[in-house]
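Position one of the sequence shown corresponds to residue 1 (my numbering), numbered consecutively onward.
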Amino acid sequence: MASDTILEIRKDGEGFLKALSQELYWNLAGLKGEANLKAIYKAHSIFGDTDVFFSVKDTSPNDEEEEKGLKLILSLLARSVIENKTAELRDEILKAEARDEIRLDYKTIPYRSALAEIKIEAKRARREDIDRKRRETALRLEPLFLKTLEIAHDIASELGFSYISLCDELEKLNLSEIEEKAKLFLKDTEYAYRDLLKWFLMKRMELKLKDAKWHDLSHLFNSFELKSEFSKVDLKALAGKCLNEMGIDVSESIKTDLSYRKGKTSRPLCIPIEVPQNIMLSIYPIGGIGDYESFFHALGIALLYGHRNPEDEFEFRRLTESTSEEAFGFLFRNLLLQTRWLRRYLKLDAGSDFLRFLYLKQLMMIRYYCGKLIYELLLHKDEDFRSKSDFYKQTLKEATLSDYSEADYLDNLDPFFHTASYLRGCIIEAELKWHLREKFDEEWWREKEAGDFIRKMWREGGRITSHEISKRAGFDRIDLTPLLRFFGEILG
């Protein structure tokens with residue numbers, strides 16, 4: 001019975017994920033004002049069926065290969081059962097986000113453009129205005145967010161888990177370990193972060209650290225030299241030039257959407273619609289370093305999918321542990337932190353202040369996700385969700401040293417603890433980069449042997465777990481040392 005079920009999942013899985021991914025892309029890219037996820041789940045009912053989940057869960061694998069495949073399928077099924085039950089709510093949220101507008105005294109902007117507008121708005125009073133109106137929309141959506149959370153927790157219980165243990169087990173996140181790493185990282189970087197942020201806020205914005213709000217940091221790190229030195233270029237051509245030296249092809253299967261569009265999310269996207277032949281990479285262009293970071297991060301994930309074996313089994317071709325995605329995303333995003341890469345490909349000679357500014361931006365981002373994970377673990381500890389808004393504000397303040405609003409405690413929430421995947425990806429990327437530097441060259445991004453090493457992992461598809469990446473980089477566990485060393489090289 002279980003073997004027949006797995007065959008059916010393999011047979012229907014590509015059509016299901018293609019339809020789901022296409023629908024999400026159309027909405028998130030601003031090409032469609034509504035989403036109809038509910039209809040897709042109805043048409044592919046096997047992926048929302050709890051009995052199917054239990055059938056696969058009770059299957060005994062014959063070997064290590066089969067065990068890896070079953071874990072990937074089980075993770076897909078658990079997510080799908082929850083997303084099936086919340087599909088109607090998600091359709092409402094996506095529709096509201098795509099269509100809502102923020103009316104200001106001086107202009108009207110799409111709701112999804114608010115975060116991008118804040119990054120480029122130099123006048124503090126206007127940033128405050130945009131943020132206040134953005135929060136009003138987020139608060140209107142709060143009942144939908146709450147209901148979605150409640151259902152997710154109920155379904156996790158039906159599957160025999162708490163929500164935390166379900167995500168932990170299926171994604172192999174080791175949440176208690178990564179929480180400890182997050183707390184350690186915050187402690188070990190506190191002094192350097194506080195000192196440098198205080199200095200740059202005063203020098204660039206004439207703003208005291210005690211008065212800083214999150215939107216001040218958002219603007220700070222996409223302005224000044226981080227905007228002027230990263231001019232508008234053909235990002236795909238730039239990536240192709242760089243990757244060519246590693247013998248890596250940016251194939252035509254990777255489609256890029258770099259256009260501004262009303263209703264388009266300002267978050268970068270990599271959505272594998274068909275693997276490996278149709279991978280969508282989408283960013284919301286605003287100018288400056290943010291465009292480069294968004295593009296190269298999404299590109300790293302797109303390359304992971306685009307270099308897969310088209311003849312592989314469904315689960316290994318189509319499915320991937322989310323931490324592995326983020327590790328390769330960061331590997332290419334963080335080329336922007338390497339002085340020789342900047343000089344070679346952007347003709348940019350980065351002085352000491354410029355480098356510290358770059359690394360401080362990266363440090364702020366990681367500290368933000370450390371705080372966010374600590375908050376999310378407390379949020380999901382029980383179902384008293386409404387009482388956690390103050391903790392959200394407090395925790396993000398301690399992590400970033402800037403004020404956040406409690407109104408964002410649900411709007412700013414990643415499902416299935418993707419925040420933990422993001423943090424694990426940061427740590428594993430540092431391990432992998434350390435290995436590439438030691439084995440190949442400090443300029444590993446110019447070496448074909450390094451490209452071969454990376455492509456070999458991509459070719460393995462979903463078999464390449466985050467633990468396997470760490471092992472191949474010479475680490476038996478999640479180790480903060482390489483990540484802290486990279487910051488220490490520049491920030492001292």
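Cβ atoms here follow ideal geometry from the backbone N, Cα and C, with glycine treated the same way.
Secondary structure of residue i, DSSP reduced to three states
i, result
"residue 143", "helix"
"residue 269", "strand"
"residue 274", "strand"
"residue 477", "coil"
"residue 236", "helix"
"residue 468", "helix"
"residue 285", "coil"
"residue 412", "coil"
"residue 148", "helix"
"residue 228", "helix"
"residue 308", "coil"
"residue 36", "coil"
"residue 359", "helix"
"residue 155", "helix"
"residue 297", "helix"
"residue 352", "helix"
"residue 364", "helix"
"residue 221", "coil"
Opposing strand residues paired with residue i [DSSP bridges]
i, result
"residue 108", "103"
"residue 213", "403"
Span of the alpha helix (DSSP H) around residue i
i, result
"residue 203", "175-205"
"residue 482", "481-491"
"residue 329", "322-333"
"residue 319", "Premise fails: residue 319 is in no alpha helix (DSSP H) and is neither H nor E."
"residue 386", "Unbroken run through residue 386: none, as it is neither H nor E."
"residue 10", "2-28"
"residue 84", "64-85"
"residue 444", "No alpha helix (DSSP H) contains residue 444, which DSSP labels as neither H nor E."
"residue 171", "163-171"
"residue 433", "418-439"
"residue 114", "114-120"
"residue 55", "50-57"
"residue 345", "339-346"
Sequence-distant residues of the same chain with beta carbon closer than 7 Å to residue i, five excluded per side
i, result
"residue 33", "95, 98, 99 and 263"
"residue 119", "218, 219, 222, 286 and 290"
"residue 209", "197, 198, 201 and 401"
"residue 455", "248 and 307"
"residue 464", "324 and 457"
"residue 419", "369, 372, 373 and 376"
"residue 155", "81, 82 and 85"
"residue 114", "102, 130 and 134"
"residue 406", "389, 390, 392 and 393"
"residue 327", "425, 428, 429, 432, 466 and 469"
"residue 29", "257, 261, 264 and 282"
"residue 36", "23 and 91"
Run of the beta strand (DSSP E) containing residue i, from where it starts to where it stops
i, result
"residue 280", "278-282"
"residue 256", "254-257"
Beta-carbon proximity list for residue i, same chain, < 8 Å, skipping 5 on both sides
i, result
"residue 18", "273 and 274"
"residue 89", "144, 147, 148 and 151"
"residue 8", "46"
"residue 423", "178, 181, 182, 366, 369, 370 and 373"
"residue 109", "101, 102, 117 and 130"
Status (buried if at least 16 other CB within 10 Å, exposed otherwise) for residue i
i, result
"residue 250", "buried"
"residue 381", "exposed"
"residue 395", "buried"
"residue 52", "buried"
"residue 244", "exposed"
"residue 31", "exposed"
"residue 233", "exposed"
"residue 61", "exposed"
"residue 408", "buried"
"residue 211", "exposed"
"residue 125", "exposed"
"residue 353", "exposed"
"residue 481", "exposed"
"residue 43", "exposed"
"residue 462", "buried"
"residue 485", "exposed"
"residue 191", "exposed"
Close Cβ partners of residue i (< 6 Å) along its chain, the five nearest in sequence each way excluded
i, result
"residue 472", "none"
"residue 329", "297, 300 and 301"
"residue 1", "Note that residue 1 scores a pLDDT of 46, beneath 50, so its modelled location is shaky and nothing firm can be said."
"residue 41", "48, 84 and 87"
"residue 284", "116, 264 and 266"
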